[in-house]
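UniProt numbering numbers the first residue of the sequence shown as 1 and each following residue consecutively. Glycine included, each C-beta is placed from N, C-alpha and C at the ideal position.
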Amino acid sequence: SYGYSGPTGPNVWHKMSPQWKECATSKQQSPIDVRATTTLAVKGSKFLYPPLAVFEIFYDAYALRVQLAPKGFHEFTAVLGGQRYSLVQFHFQLPGEHTLEGEYFPVEIHFVHESVDVPGKLAVVGIFGDFLKGTEAPDPIFSSLKLQLEALGRNKSARLPVLVDLKNIAKNIETSTIRYYNGSLPSPPCSEGVLWYVSETPLRLGNEEFQGLKKITKFNSRHIQNDIGLPNLLAM
């Protein structure tokens with residue numbers, strides 16, 4: 001299995017399997033530094049999510065994942081680039097994989113969607129998490145995971161139901177500047193053709209929430225790739 005450092009880290013993913021060659025050869029790899037000069041600002045993005053929903057949360061050996069039950073698959077719809085997508089799962093990257101105009105964030109949430117009309121076509125929405133300022137309170141999506149994170153910290157193999165508060169997620173997507181680019185999966189097999197929509201507005205979390213995530217996830221971020229269209233870092 002792959003990892004994020006040492007002998008199984010991103011620099012050798014392409015050597016670990018013939019199916020992972022794109023990690024070193026393709027020119028549309030994710031994550032990137034999201035800049036106004038290299039991405040497109042898009043409008044009209046919407047998350048048609050219920051404010052509260054029950055999910056299953058677990059650690060999949062790479063990330064803390066929050067998974068939809070099959071019966072709820074089509075209840076979480078996103079409109080991205082004028083197309084309809086259904087939420088499959090979301091997970092947490094520590095630190096955030098993308099950067100924004102060169103700035104790093106402690107957390108990034110990836111909301112993974114599949115096209116309603118084109119099976120297998122993926123669109124991922126990235127929302128950063130940043131530390132609280134002043135008297136701010138943690139965003140509900142972080143605070144609603146507290147008890148489950150404590151339980152997973154004691155038993156990483158557990159799969160637990162969790163009621164997730166999503167009420168600020170739709171607002172973030174509809175009011176923030178959203179940056180679009182055509183990239184890839186940021187982990188093996190690094191397949192291209194993944195549409196990325198990255199919000200410029202971070203959600204807030206406190207040190208308690210961050211430490212709860214970190215205890216389970218550790219470090220699970222790929223390094224920044226070259227701008228889209230430029231030679232792959234590992235091919236140079």
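Asked                                                                                                          : Found
4-residue-minimum alpha helix (DSSP H) runs that sit fully inside the stretch 146-227, ordered along the chain : 146-154, 167-175, 207-217
Length of the line joining the Cα atoms of HIS113 and ARG65                                                    : 14 Å
The stretch 179-191 in contact with the stretch 148-165 per 3-pair CB rule at 8 Å                              : no
Simplified DSSP state of PHE73, which is helix, strand or coil                                                 : Note that PHE73 has pLDDT 49, beneath the 50 cutoff, so the model's placement of it is unreliable and no number is given.
Test item: CB-CB of PRO31 and HIS98 under 7 Å                                                                  : yes
Three-pair Cβ contact test at 8 Å for the stretch 219-226 versus the stretch 42-50                             : no
Contact belief for PHE142 with GLU209 at Cβ below 8 Å, rounded distance in angstroms                           : 4 Å
Secondary structure of PHE105, DSSP reduced to three states                                                    : coil
Whole alpha helix (DSSP H) elements within the stretch 22-54, 4-residue minimum                                : 22-25
Pick from LYS27, LEU132, LYS43 that is closest to LEU203, judged by C-alpha positions                          : LEU132
Local Cβ density within 10 Å of PHE105, reported as buried at 16 or more and exposed below that                : buried
Closest residue to VAL79 among ALA24, SER199, LYS27, ALA123 (Cα-Cα distance)                                   : ALA123
Neighbour-count burial assignment, ASN207, 16 or more Cβ in a 10 Å radius                                      : exposed
Backbone CA spacing between LEU163 and GLY44 [nearest angstrom]                                                : 28 Å
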